[in-house]
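J.:
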Amino acid sequence: MGSTIFIVLFALLTVIALAVGLSLRRRAKSASDEVDGSDDAPRAAGERRKSLPIKHQSPSERAMLRSRSRMAFAASAVCGLLTLLVAGSSCLVQVPTKEYGVVTSFGKPVNVLPNGLHLKAPWHKVTDIDAAIQTDSYEQSDKGSTCVQVRIAHQATACVDVSIRWRIKQQATEALFKDYRDFGNIRSSLIVRELRSALNTAMDSYDPLAVDENGVSQAPALAALSQQVQKEMSGTIGDQVEVLSVIIPVMHFDANTQSKVNALLSQVAQTRIAAQSVQTSKQQAQANKTLADSVSKDPNVLVSKCFDLLESGKFTPPAGFSCWPSSGSSVVVPSSAK
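So, in C-alpha cells, the structure goes:
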C-alpha cells in the first residue's frame, strides 16, 4: 500500500511538472515571436486577454521563462524516473527458500506463491509463511517444565516429554493465513492445541500399575502411543498440516502415582525373591537327601566331603578336629600351602 501511494504521488508530480514546463515554454516562445515581429497575423482579442502582456517583457525575463521551463521539464523527468523505479520495485517480489508467499489485496488473501522471483500488482502485499519442517520439543528440565500435562487411568496425571515434526501444506497456506494470520499463531493455536488433545486421547486409559506376575508392564509401549498420537493428529489436521513424526521418550508421573509404581515394583521384586528362595530350598533338600543316601551306603562319603571343605578353605576346624570318625589318635589337619 505504501508503494502505491508513492507511485501515485510521483505520477502526479510528473504530470504537474510537465504541464508547468509546457506552459512556460509556450510563454517564452510567444514572447520571442512578439519581439522579433515574426508573427504578422493579428491575434484575436480573446487570445490577447488570456495571455500576459509579454510584449513588454525584457530579455532577462524571457531568459528566466526559458530557464524555468527547462527546470520544470527536468523535474518532470526525475519524477517520471522515480515513478518507474518505485513501480518496478513494487511489482517484483522474492519469496525465500523453504517459504510460501501469501498475496493479499487490501487485506484479503488472493494467491499463494512458491519460493522464487514473482511479478505482482503494486497494491498487492506478500507475507512470507515458513514452509520448512518444524521440530517442536516439549521436555521437563531444570530450567522449567515444558512437558505436556495429560490425564491417565485412575484419574492420575502425568507430564509427557514429546517431540513432533511437522510442516504446513502449500494448498492450505491461504486458508491457514485467513484463520490465524501469523505463523506463530498456527503453531500455538493449531499444532500445540491438537497435540495436547491427541495426547490426552491416547493416554486416557494408560495404566502404569498394570503389570503381570513377573513385573512386566501391560500398558502400551511408548512407541505405540507415539504412532497413535501421530495418527490422531493426521486425521484431525492432516488436510492442512503434514505430521511427519511424533516421539514420546518418557513420561513423568505425579508423586502419588510414582510412589504406587515404586511400591508395586518392590512387591514384585520381593515375590520373585521369595519364589527363588522356595526353589533354592527344594534343591537343597534334594541335595541333602542324595547325601544321606550316599552316607548310608558308604560312611566315607562324609570324610570325602570334610576334606573337600578343608581344601576349599570354607571351613576352619577347631583344635583336635579330625575328619575320620571314632579316631582316638592325634590328627594333623593339613593346611593349604602358602
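Going by full-length UniProt numbering, 187 is the number at position 187 of the sequence shown; the sequence numbering is gapless.
Cβ atoms here follow ideal geometry from the backbone N, Cα and C, with glycine treated the same way.
1. In this structure, what does DSSP give as the bridge partners for residue 111?
2. Who are the Cβ neighbours of residue 93 in its own chain at under 7 angstroms, not counting the five residues just before and after it?
3. What beta strand (DSSP E) runs, 3 residues minimum, are completely inside the stretch 106 to 177?
4. Classify residue 181: buried if its beta carbon has 16 or more other beta carbons within 10 angstroms, exposed otherwise.
5. Nearest to residue 358 by CA position, among 229, 247, 196, 260, is which residue?
6. Would a check of beta-carbon distances place residue 174 closer than 7 angstroms to chain C?
7. Assuming contact is defined by CB atoms lying nearer than 7 angstroms, are residue 137 and residue 163 in contact in what I supplied?
8. Since residue 165 and residue 245 are thought to touch, with beta carbons under 8 angstroms apart, how far apart are those beta carbons, to the nearest angstrom?
9. Alpha carbon to alpha carbon, how far is residue 172 from residue 199?
10. Give the single residue among 83, 29, 323 whose Cα lies nearest to the Cα of residue 353.
11. Distance, Cα to Cα, residue 278 vs residue 139?
12. Which two residues bound the contiguous beta strand (DSSP E) that contains residue 248?
13. According to DSSP, is residue 205 helix, strand or coil?
14. Straight-line CA distance for residue 109 to residue 205?
15. Please state whether the Cβ-Cβ distance between residue 196 and residue 148 is less than 7 angstroms.
16. Specify the secondary structure class of residue 218 as computed by DSSP and reduced to three states.
17. Express the C-alpha separation of residue 69 and residue 48 in angstroms, rounding to a whole number.
18. Counting along the chain, where does the alpha helix (DSSP H) carrying residue 93 start and finish?
19. Sorted by chain position, which residues of the same chain lie with C-beta nearer than 7 angstroms to residue 13's C-beta, five sequence neighbours on each side aside?
20. How about residue 102: is its Cβ closer than 6 angstroms to a heavy atom in the ligand GDP?
21. Leaving out five residues before and five after residue 96 in sequence, what residues of the same chain have Cβ atoms less than 8 angstroms from its Cβ?
22. Within its chain, find whatever has a CB closer than 7 angstroms to the CB of residue 236; leave out the 5 residues flanking it on each side and keep chain order.
23. Leaving aside the five residues before and after residue 250 along the sequence, list all residues of the same chain whose C-beta is less than 6 angstroms from its C-beta, in chain order.
T.: Taking the definition as stated:
1. Position 111 of the sequence shown, counted from the first residue, corresponds to residue 111. DSSP lists 103 as partners of residue 111.
2. Taking the sequence shown and counting its residues from 1, one reaches residue 93 at position 93. Taken in chain order, the residues that qualify are 101, 118, 120, 126.
3. 108 to 113, 116 to 119, 124 to 130, 134 to 138, 148 to 151, 157 to 168
4. Within the sequence shown, numbered from 1, the residue matching residue 181 stands at position 181. By the C-beta density criterion, residue 181 is exposed, having fewer than 16 other C-beta atoms within 10 angstroms.
5. The first residue shown for the chain is 1 and the last is 338, placing residue 358 beyond what the model contains.
6. Although the question refers to chain C, the structure presented lacks it and comprises just one protein chain.
7. Walking along the sequence shown from the start, residue 137 turns up at place 137. Walking along the sequence shown from the start, residue 163 turns up at place 163. Taking 7 angstroms as the Cβ cut-off, residue 137 and residue 163 qualify as a contacting pair.
8. Within the sequence shown, residue 165 is the residue found at index 165, counting from 1. Within the sequence shown, residue 245 is the residue found at index 245, counting from 1. Residue 165 to residue 245, Cβ: 5 angstroms. Contact.
9. For the purposes of this step, residue 172 is taken as residue 172 along the sequence shown, with counting starting at 1. For the purposes of this step, residue 199 is taken as residue 199 along the sequence shown, with counting starting at 1. One C-alpha to the other measures close to 24 angstroms.
10. Residue numbering for the chain in the displayed model covers 1 to 338; residue 353 lies beyond these limits and cannot be assessed.
11. Translated into the one-based positions of the sequence shown, residue 278 becomes position 278. Translated into the one-based positions of the sequence shown, residue 139 becomes position 139. Distance between the alpha carbons of residue 278 and residue 139 is about 45 angstroms.
12. Walking along the sequence shown from the start, residue 248 turns up at place 248. Counting along the chain, the beta strand (DSSP E) containing residue 248 begins and ends at 241 to 253.
13. By one-based count along the sequence shown, residue 205 stands at place 205. Residue 205 carries a coil assignment under DSSP once its states are collapsed to helix, strand and coil.
14. In the sequence shown, residue 109 corresponds to position 109, counting from 1. In the sequence shown, residue 205 corresponds to position 205, counting from 1. Spanning the alpha carbons of residue 109 and residue 205 requires a straight line of approximately 43 angstroms.
15. Your numbering for residue 196 matches position 196 in the sequence shown. Your numbering for residue 148 matches position 148 in the sequence shown. In contact: residue 196 and residue 148 (Cβ atoms closer than 7 angstroms).
16. Along the sequence shown, one-based indexing puts residue 218 at 218. Note: residue 218 maps to coil in three-state DSSP.
17. Position 48 of the sequence shown holds residue 48. Position 69 of the sequence shown holds residue 69. In this predicted model, residue 48 has a pLDDT of only 48, less than 50, meaning its place in the structure is not dependable enough to derive any value.
18. Numbered from its first residue, the sequence shown carries residue 93 at position 93. First-last for residue 93: 92 to 95, but that is the beta strand (DSSP E), not the alpha helix (DSSP H).
19. As a first step, residue 13 must be located in the sequence shown, where it is residue number 13. Counting only Cβ-Cβ distances below 7 angstroms, and skipping sequence neighbours, we find 79.
20. Looking at this structure, you won't find the ligand GDP or any other ligand, since it has none at all.
21. The residue you call residue 96 lines up with position 96 of the sequence shown. 115, 128.
22. The residue labelled residue 236 in the question sits at position 236 within the sequence shown. Cβ-Cβ distances below 7 angstroms link residue 236 to 194 in the same chain, with the five nearest sequence neighbours on each side left out; the list follows chain order.
23. Position 250 of the sequence shown, counted from the first residue, corresponds to residue 250. Only 161 meet the Cβ criterion.
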